[in-house]
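Trainee: Sharing a structure, written as structure tokens. Questions coming.
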Amino acid sequence: MQRIILHMDLDSFYASIEEKRKPEIAGKPVVICVFSGRTADSGAVATANYKARELGIKSGMPIMLARKRANSETVFLAYDIEFYREVSDRIMDLIETECDILEQASIDEAYMDVSLKAGSFENAARIAERIKEIIREQEGLTCSIGIGPNKLIAKMAGKMKKPDGLTIVREREVAAFMEKMPIEKIHGIGKKTAELLNDLDIKTADDLAKSSLLILEQRLGKNKARLMQDKARGIDDSPVEQRVAQQISRMKTLAEDSDDIETIYSTMRAMSPDIRKKIQKKQATFRTVSIITIDSKLETQTRSETISQTDDVELAMAAARSLLSKWLDENKGRKLRRVGIRVSNLEYGRKQKSLGDFL
DNA sequence: CGACGTGTAAC
DNA sequence: CCTTTTACACGTCG
77 MQRIILHMDL DSFYASIEEK RKPEIAGKPV VICVFSGRTA DSGAVATANY KARELGIKSG
137 MPIMLARKRA NSETVFLAYD IEFYREVSDR IMDLIETECD ILEQASIDEA YMDVSLKAGS
197 FENAARIAER IKEIIREQEG LTCSIGIGPN KLIAKMAGKM KKPDGLTIVR EREVAAFMEK
257 MPIEKIHGIG KKTAELLNDL DIKTADDLAK SSLLILEQRL GKNKARLMQD KARGIDDSPV
317 EQRVAQQISR MKTLAEDSDD IETIYSTMRA MSPDIRKKIQ KKQATFRTVS IITIDSKLET
377 QTRSETISQT DDVELAMAAA RSLLSKWLDE NKGRKLRRVG IRVSNLEYGR KQKSLGDFL
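According to the numbering used here, the first sequence holds residues 77 to 435 in order.
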């Protein structure tokens, strides 16, 4: 049963939306920033448009560094996630009808299984063109699309031609497509794994595919070793499926490093309405509460506690406070830079037990 | 096995 | 100089 999978990626999404809403900045380098609020320019770059990328500004980079690379016409904007989410939701609704199954992979990406609806790669290409047209007409945005026999190939194909690209890799073209691929460009192989493989003199997908499974297993464990070799061969059986959130979390950088429970807890409290809104919107309940701590040295830790299934965020906050208090006790002398709160073990559609159920 | 904590990856 | 959010795998412990 041959599958046909499409991957859609909206081109420099945040920056493109901002250019639409502020026509006066169109054509200039645009940098969308996540300001942490600590100093005027502390924070990181979320997205840069193509003009800004030409200046060497890339996502993930500290804003300070982006400022140094910017020229006089470069525009820096604070990111507005609520607005971007609205646009994203509208686009996902638009394209949902064009496929059999839609899996939203992030705010600006989606996988679509079009095996039945298209039936052939030629028809899948027509669907892709239609999706591009719909997004251009309805939202004034461009996207890049990859088509392949699985999610991995679709995703990597889409990267070949950007922006506004369309790339098709058929089953019989997979081997040639992967062959010379540097391992760090394989989706799912990050910095750590690439370094580890490099130490074994594995530099291309072909090297990885032909490497000794035994040696890989020693370094990566059985599962990951097999997974990596499959990727190198362009093999990926994971289905396109509608997903529901498994967890909801919020993080915030403190105004300054602190070990004072009231200071830190008030920052956590400030995030609770966000969590509450999401829980309500999703009609979800949770069972596990975690805090995430990032100290002055940027070391991350988590502490969690399982309580009985509830939708009451106040219960989560109480648990969070006691977890925080414990952390501070166990980490005397350390100060926190950022904190986060997370609820997980989510359940949907099932009302949590209310008082009435016991009477 | 469930709970908990860490590491890796991607956006 | 260092953001935010989510997912998942794996090891450990009881």
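Where is the CB? At the ideal position from N, CA and C, for every residue including glycine.
(1) In the DSSP assignment, find the unbroken alpha helix (DSSP H) run with D282 in it and report its ends.
(2) So, V185 versus H263, is the Cβ gap smaller than 9 Å?
(3) Give me, in chain order, the residues of the same chain whose beta-carbon lies closer than 7 Å to that of E238; leave out the 5 immediate sequence neighbours on both sides.
(4) For the segment 322–367, list the alpha helix (DSSP H) runs that are entirely contained and at least 4 residues long, ordered along the chain.
(5) Near T378, what residues of its chain come up, given a Cβ to Cβ distance below 6 Å and the 5 sequence neighbours on each side ignored?
(6) If you scan the segment 116–188 from start to end, which runs of the beta strand (DSSP E) of 3 or more residues do you find wholly inside it?
(7) Can you name, in chain order, every residue of its own chain whose Cβ lies under 7 Å from the Cβ of D85, other than the five neighbours on each side?
(8) Ignore the nearest five residues each way along the sequence and tell me which others in D433's own chain have a CB closer than 6 Å to its CB.
(9) DSSP has D371 in a bridge; who is on the other side?
(10) Measuring only the C-alpha atoms, how far is D333 from R206?
(11) Does DSSP put P315 in a helix, a strand or coil?
(12) Taking the Cβ atom as the reference point for each residue, do I81 and V190 lie within a distance shorter than 9 Å?
(13) In this structure, does DSSP put M254 in helix, strand or coil?
(14) For a quick check, are the C-beta atoms of E423 and Q385 less than 9 Å apart?
(15) Should the segment 104–118 be regarded as contacting the segment 136–146, the criterion being three or more beta carbon pairs within less than 8 Å?
(16) So for V320, helix, strand or coil by DSSP?
(17) Skipping 5 residues on each side, what residues in its chain have a beta carbon closer than 7 Å to that of E158?
(18) Answer with buried or exposed for P349, where buried requires no fewer than 16 other C-beta atoms within 10 angstroms of its C-beta.
(19) Would you report the Cα separation of A395 and M188, rounded to the nearest angstrom?
(20) Please state whether DSSP places R418 in a helix, a strand or coil.
(21) Does the beta-carbon distance from Q305 to L284 come in below 9 Å?
(22) So for D85, helix, strand or coil by DSSP?
(23) From K231 to I383, what distance separates their C-alpha atoms?
(24) Based on Cα-Cα distance, which residue from S288, G266 and I93 lies nearest to L276?
(25) Excluding the five sequence neighbours on either side, which residues of its own chain have a C-beta within less than 8 Å of the C-beta of E130, listed in chain order?
(26) Where do the N-terminal and C-terminal ends of the alpha helix (DSSP H) with V389 fall, by residue?
(27) Going by beta-carbon coordinates alone, are I417 and R326 separated by less than 9 Å?
(28) Is the beta carbon of E94 less than 9 Å from the beta carbon of L153?
(29) Could you tell me which residues DSSP puts in a beta bridge with L424?
(30) Identify, in the order they occur along the chain, each residue of the same chain with its Cβ nearer than 7 Å to the Cβ of A439, setting aside the five sequence neighbours on each side.
Mentor: On the basis of the supplied data:
(1) A281 to K286
(2) In the sequence on display, residue 185 carries Glu and not Val. Contact: no.
(3) Looking at the sequence itself, residue 238 is Lys, so the reference to Glu does not match. Cβ neighbours of K238 beyond the five flanking positions: D87 and S220.
(4) 337–358
(5) S366 and I368
(6) 119–124, 151–154 and 177–182
(7) So the list reads D184, E185, C219, S220 and G234, once near-sequence residues are dropped.
(8) For D433, the predicted structure reports a pLDDT of 49, less than 50, and the residue's modelled location is therefore unreliable. A value from the coordinates is still provided. So no residue of the chain qualifies.
(9) L412
(10) 51 Å
(11) DSSP places P315 in coil when its eight states are reduced to three.
(12) yes
(13) helix
(14) yes
(15) Yes: the two stretches touch, three or more of their Cβ pairs being nearer than 8 Å.
(16) coil
(17) none
(18) exposed
(19) 39 Å
(20) strand
(21) yes
(22) strand
(23) Approximately 39 Å between the Cα atoms of the pair.
(24) S288
(25) P105
(26) V389 to E406
(27) yes
(28) yes
(29) Correcting the residue identity first, residue 424 is Tyr in this sequence and not Leu. DSSP output for Y424 lists A360 as bridge partner(s).
(30) Residue numbering for the chain in the displayed model covers 77 to 435; residue 439 lies beyond these limits and cannot be assessed.
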